[in-house]
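Worksheet: the structure to be examined is printed underneath.
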């Protein structure tokens, strides 16, 4: 076998890994859309906000330090502690739950029964708000995120496979962080599925997803469910924020990962958790293989952004509800 | 009292069906137009023109265009930025390729080119609906931006990939380039806005507008009563893109003067125009203006108050600007989900009965 | 009515701001928010702090106080227009828009308004030709110089022969990122190296394809024209594939603390170009500590002093102040206008004695601006990151770039601009 063939496999594997990273973001969208029919544009900003909180707690930053300094003329920056990563994650999670409460209390409650586009718009407003608020609270410099996840290529795999493809082949390259992301995503999805299948709250969640009014009539509190769903989405955002933030540091651009998740959603369907995973894998592999085979050699590269959308578009023409989405039944 | 229908007798069908059937509305409209054409040009200066009025006028055109597609025809699009880029690059190629072509035709032709591109990207709308379509139009956004960045022909092989508008004039007055007078470029854009808004208003009142709304409200039902979804949707895409293309051409040629596709016509532009029509009101021409005014004026106003008046540090002010604009969007949607246009309608209803509401 | 109140406030805020003619006004179009905010903050702080220092220590420029008007652009061209229009009426002396997009847009405007613009290490490269661009300055170095300095550094490391070497360029797929390509291609013809181009789409969070390609092709050197999140990810990915960091060279916008700190120890040895000195080992920092920081007058949070981008802001401000001094000498008046400032910039002479007098000996290269040459000599240095000490160190002097190649390119591009806009050449 030629080295190029093995490199093709390598790109394929890395595409799968990248796909998992996209799925992590897409998962949050799906959860909220399923439970409340809201296309939550703020998911990316939630990931940023969660990661900001995590780093802030971990390094003992004082929230709103810049604002306080500007008003009172003080010089405060840090509490001077270093929180263990796990504790900081829990604190960040608490913040996201608090956020879910606030969103439900002040936004969603007032927007029940509005058209989807209005709800979508409200989440964009929310995204704006959080962008400004996150910056106010933690400052807009780039922060290093370190919760002890391994970085770098997997040396073991590289050495074991180096002999495969002749001397032009250097062994398969896989990023340790991506491997971890895959494991975490698997745990996350499994526990989500178990949660929704075997717990009372989980069943209530599914009931709400099926039919709001029927769920209400059997005594399920829609508002509680929404808080729970937004909290879970907040948790998923935190995981996505940790994964992406470990690579690039925590900064404003982290909120743009939402754009990477949209083609995944289209392809997988807005209402399906397996769809988000499979869609992510297809998009990841598709865009990486296209870049490897056609994009970089013939089109001058940087084709991934639009190709992901084109691929999803192509799928949609044949299946307008996405790969796993609920079949759209239209009646007059 | 002042705002009333009573005593306003109509003696012909055409009078009964005019755009502003209430005399007070009509006069208000005439006054606004007269003010915009006759008074504003004498008051305008560089700051007002470039910071507020030009972006307002240009975004109003884009918002009307998107409102035709989204508000009237019900097809949510996030490809606005990409289509504006088509308009801008078409204008650039026409301006540099045919230096003698009048700038008015350049702008209109750019709209025409965009309309054709819009139709191509509108084709999937026949099968894909709702948010799936919205995300699908993002494909247009990303592909177009990549294309204009990649193919050097579009930017005339310049070293940097930036396009700059050469100077063109109309009746001897420069409208593009550096040596424009504020009132000239103002009037130039205003004429476009006036004609396009007038066209849009009448289009949406006519047979086509009704077909669009039928598709929006329920496309299958519309199909059954004889509305051809293919023609109707594609027409909406074409006209909407025509408007958006003109907005893009004006944005590049008259307002910015130089542009780079990724920065000037990125995804944020698509969202911005969508904000405008939702805040202003879907399916309303007035709403497009109101939304554009809100989104253009609000940040400038907030900045001027916080930095200019209160003397806050610029970064804090910018963060607060995000918080306030985001908060206001949410607040508006909670108070009036159908936008500023609906508030305006309610005010008018109240005014009719004022001061004796019972 | 509520509306009228808002309108009144609006009119008041925009109209009342009357120019204070007594001060020398230096607008700072900064971006402390948005995707590039992390890079905008230190620059804006450095820029503002130097003017504060000049006011506090020297009592202004030639006795006239300076005033910095900061306007937040968020790296957004349209906000930039608003900032330009709102500050231009206040007697602004020189604009530094800090964004290539804004630069292009302002070139015709500043020329028409007679205000000079200084784009240090960004903007339109061919503006170095003063014969065509009367009001635009981009001394001391531009992107094309940068590309050449990087190649010169590689030449020096290889004893002057890089025939057959493979050099990769990882670039932000935008006008900015594509800037060096032409120069690198011309230099490739001259020196015989193979250039491979790897585009990264905005914003650049996902670069696996590009770095897998680099891993496959194993280029001897990788250059990077990155910006924002792209830098941090690229450095992390380079470390991941165990690419030798000392063969990885970034442009000056890819070489600040922000870019290397997120990758931690893995970024050790990464190199970046620069057009000024790094670190705070200069007497001027003592003054800043004494007159600005300790006095509680530091801009922003005051925690950026001595970082690479802070120094760049400081350097830009210093050049502006020196140009203003020159303008005062030429025109024999303390209250200079923008037109006089332009003359001052055109006659700017940065020699070693002057810099030493400012407590900034060796902070930047020595150069002289002339009517024909607004771009300076095109000198650049190479700096290297020491992850353990968390410090950039300058590892080469300000070296020359290949002006034979670059000069021809500048002439070609500026001639095209002149022809497009009917500009007659000056300086004859």
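Protein chains in written order, with the working numbering: chain A, 879 to 1210; chain B, 1430 to 1787; chain C, 33 to 460.
Built from N, CA and C at the ideal position, the CB exists for glycine as well.
Report task. Could you tell me how far apart the beta carbons of residue 1480/B and residue 118/C are, in whole angstroms, since I believe they sit closer than 8 Å? Result -> Here residue 1480/B refers to the residue found at position 51 of the second chain. Here residue 118/C refers to the residue found at position 86 of the third chain. Between residue 118/C and residue 1480/B the Cβ distance is about 6 Å, and since that is below 8 Å, they are a contact.
Requested in this report: Can you tell me which of 377/C, 348/C, 345/C, 401/C puts its alpha carbon nearest to the alpha carbon of residue 360/C?
Outcome: Along the third chain, one-based indexing puts residue 360/C at 328. Nearest C-alpha to residue 360/C: 377/C.
Query - Test: residue 1162/A CB closer than 7 Å to a CB of chain B - result: Numbered from its first residue, the first chain carries residue 1162/A at position 284. For residue 1162/A, the answer is no, since every Cβ of chain B falls outside 7 Å of its Cβ.
Requested in this report: Report yes or no: do three or more beta-carbon pairs, one from the region 1525-1537 of chain B and one from the region 1758-1774 of chain B, lie closer than 8 Å?
Outcome: no
Query - chain A contacts from the region 52-85 of chain C (Cβ-Cβ distance under 7 Å) - result: 64, 65, 66, 67, 69, 70, 73
Report task. Please list, in chain order, all residues of the same chain as residue 1617/B whose beta carbon is under 6 Å from its beta carbon, the five residues on each side excluded. Result -> On the second chain, position 188 is the one that residue 1617/B refers to. Only 1604 meet the Cβ criterion.
Query - Test: residue 114/C CB closer than 7 Å to a CB of chain B - result: As a working mapping, residue 114/C is identified with position 82 in the third chain. Chain B contact via Cβ: present.
**Report entry** Within 7 Å of chain B by C-beta, residues of the region 196-212 of chain C in sequence order
**Finding:** 205, 206, 207, 210, 211
Query raised in the report: Which residues, in order along the region 1107-1124 of chain A, keep a beta-carbon less than 7 Å from a beta-carbon of chain C?
Result: 1122
Query raised in the report: Where do the ends of the beta strand (DSSP E) carrying residue 371/C lie?
Result: What you label residue 371/C is simply residue 339 of the third chain in a count that begins at 1. Counting along the chain, residue 371/C falls outside any beta strand (DSSP E), though it belongs to the alpha helix (DSSP H) covering 370-378.
Query raised in the report: What's the gap between the Cα of residue 129/C and the Cα of residue 1472/B?
Result: For the purposes of this step, residue 129/C is identified with residue 97 of the third chain, where counting begins at 1. For the purposes of this step, residue 1472/B is identified with residue 43 of the second chain, where counting begins at 1. In a straight line, the C-alpha of residue 129/C is about 29 Å away from that of residue 1472/B.
Query raised in the report: DSSP three-state call for residue 1031/A: helix, strand or coil?
Result: Along the first chain, read from residue 1 onward, the residue named residue 1031/A stands at position 153. Looking at residue 1031/A - three-state DSSP - the assignment turns out to be strand.
Requested in this report: Mind listing the chain B neighbours of residue 1013/A? Cutoff is C-beta to C-beta under 7 Å, in chain order.
Outcome: Position 135 of the first chain holds residue 1013/A. Within chain B, the residues near residue 1013/A are 1748.
Query raised in the report: Closer than 8 Å, Cβ to any Cβ of chain B: which residues of the region 138-167 of chain C, in chain order?
Result: 139, 140, 141, 143, 144, 156, 157, 158
**Report entry** Chain-ordered neighbours of residue 109/C on chain B, where CB pairs are closer than 8 Å
**Finding:** Translated into positions along the third chain, residue 109/C becomes position 77. Those are 1685, 1688, 1692, 1693, listed as they occur along chain B.
**Report entry** Chain-ordered chain A contacts of residue 1582/B [CB-CB under 7 Å]
**Finding:** Here residue 1582/B refers to the residue found at position 153 of the second chain. Those within 7 Å of residue 1582/B in chain A number zero; the least Cβ separation is about 14 Å.
Query raised in the report: What do you get for residue 944/A, buried or exposed, if any count of 16 or more other CB atoms within 10 angstroms of its CB means buried?
Result: Reading the first chain from its first residue, position 66 is the one you call residue 944/A. Answer is buried; the Cβ neighbour count reaches 16.
Query raised in the report: Does residue 1658/B get closer than 7 Å to chain A when you measure Cβ to Cβ?
Result: Translated into the one-based positions of the second chain, residue 1658/B becomes position 229. Not an interface residue.
Report task. Return the residue from the list 358/C, 445/C, 333/C that minimises the CA-CA distance to residue 956/A. Result -> For the purposes of this step, residue 956/A is taken as the residue at position 78 of the first chain. When only C-alpha atoms are compared, the closest one is 333/C.
Query raised in the report: Using DSSP with H/G/I as helix, E/B as strand and the rest coil, what is residue 336/C?
Result: Counting from one through the third chain, the residue named residue 336/C turns up at place 304. It is coil, neither helix nor strand.
Report task. For residue 1774/B, go through chain A and note every residue whose CB falls closer than 9 Å to its CB, in chain order. Result -> Counted from its first residue, the second chain places residue 1774/B at position 345. What residue 1774/B touches in chain A: nothing, since even the nearest Cβ is about 17 Å away.
Query raised in the report: Apart from the five residues on each side of it in sequence, which residues of its chain come closer than 8 Å, Cβ to Cβ, to residue 140/C?
Result: Here residue 140/C refers to the residue found at position 108 of the third chain. Excluding sequence neighbours, residue 140/C sits near 453.
Report task. Spatial neighbours of residue 321/C within its chain, please: CB distance less than 8 Å, with the 5 preceding and 5 following residues excluded, ordered by chain position. Result -> Translated into the one-based positions of the third chain, residue 321/C becomes position 289. If we look at residue 321/C and ignore the five residues flanking it on each side, its Cβ neighbours are 337.
**Report entry** Beta carbon proximity, residue 1568/B to chain A, threshold 7 Å
**Finding:** Taking the first residue of the second chain as position 1, residue 1568/B is located at position 139. Yes, its Cβ sits closer than 7 Å to a Cβ of chain A.
Report task. Flag residue 102/C as yes if its beta-carbon sits less than 7 Å from any beta-carbon of chain B, otherwise no. Result -> Reading the third chain from its first residue, position 70 is the one you call residue 102/C. So, interface residue.
**Report entry** Pairwise C-alpha distance: residue 149/C and residue 457/C
**Finding:** Position 425 of the third chain, counted from the start, is the residue given in the question as residue 457/C. Position 117 of the third chain, counted from the start, is the residue given in the question as residue 149/C. Rounded to whole angstroms, residue 457/C to residue 149/C spans 19 Å at the Cα level.
Query - Cutoff 6 Å; reference residue 1768/B; Cβ partners in own chain excluding five residues on either side - result: Mapped onto the second chain, residue 1768/B falls at position 339. The residues are 1708, 1709, 1710, 1716.
Report task. Jot down the residue ranges of each uninterrupted beta strand (DSSP E) in the region 1706-1765 of chain B, minimum 3 residues, whole runs only, in chain order. Result -> none
Query raised in the report: Of all the options 966/A, 1019/A, 985/A, 1180/A, which has the alpha carbon lying nearest to the alpha carbon of residue 74/C?
Result: Against the third chain, residue 74/C aligns to sequence position 42. Cα-wise, what sits closest to residue 74/C is 1019/A.
Query raised in the report: Considering residue 204/C, what are the terminal residues of the beta strand (DSSP E) in which it resides?
Result: Within the third chain, numbered from 1, the residue matching residue 204/C stands at position 172. Unbroken beta strand (DSSP E) run through residue 204/C: 198-204.
Report task. Note down, in chain order, each residue of its chain lying with its Cβ closer than 8 Å to the Cβ of residue 1017/A, except the 5 sequence neighbours on either side. Result -> Looking up residue 1017/A in the first chain gives position 139. Excluding sequence neighbours, residue 1017/A sits near 939, 943, 944.
Query raised in the report: Which residues share a DSSP beta bridge with residue 230/C?
Result: As a working note, residue 230/C is residue 198 in the third chain. DSSP, once it has assigned bridges, lists 202/C as partnering residue 230/C.
Requested in this report: Please classify residue 882/A: is it buried, with 16 or more other beta-carbons within 10 angstroms of its beta-carbon, or exposed?
Outcome: The residue given as residue 882/A occupies position 4 in the first chain. When all chains shown are included, residue 882/A counts as exposed.
Requested in this report: Express the C-alpha separation of residue 94/C and residue 53/C in angstroms, rounding to a whole number.
Outcome: The residue you call residue 53/C lines up with position 21 of the third chain. The residue you call residue 94/C lines up with position 62 of the third chain. Here the model assigns residue 53/C a pLDDT of 47, short of 50, so the residue's position is not dependable, and the following value carries that caveat. If I take the Cα positions, the gap works out to 15 Å.
**Report entry** Residue closest to residue 249/C, alpha-carbon to alpha-carbon, out of 985/A, 913/A, 1048/A, 1141/A
**Finding:** By one-based count along the third chain, residue 249/C stands at place 217. Ranking the options by Cα distance to residue 249/C, first place goes to 1048/A.
Requested in this report: Evaluate contact between the region 1534-1552 of chain B and the region 1671-1689 of chain B, counting only Cβ atoms and requiring at least three cross-stretch pairs below 8 Å.
Outcome: yes
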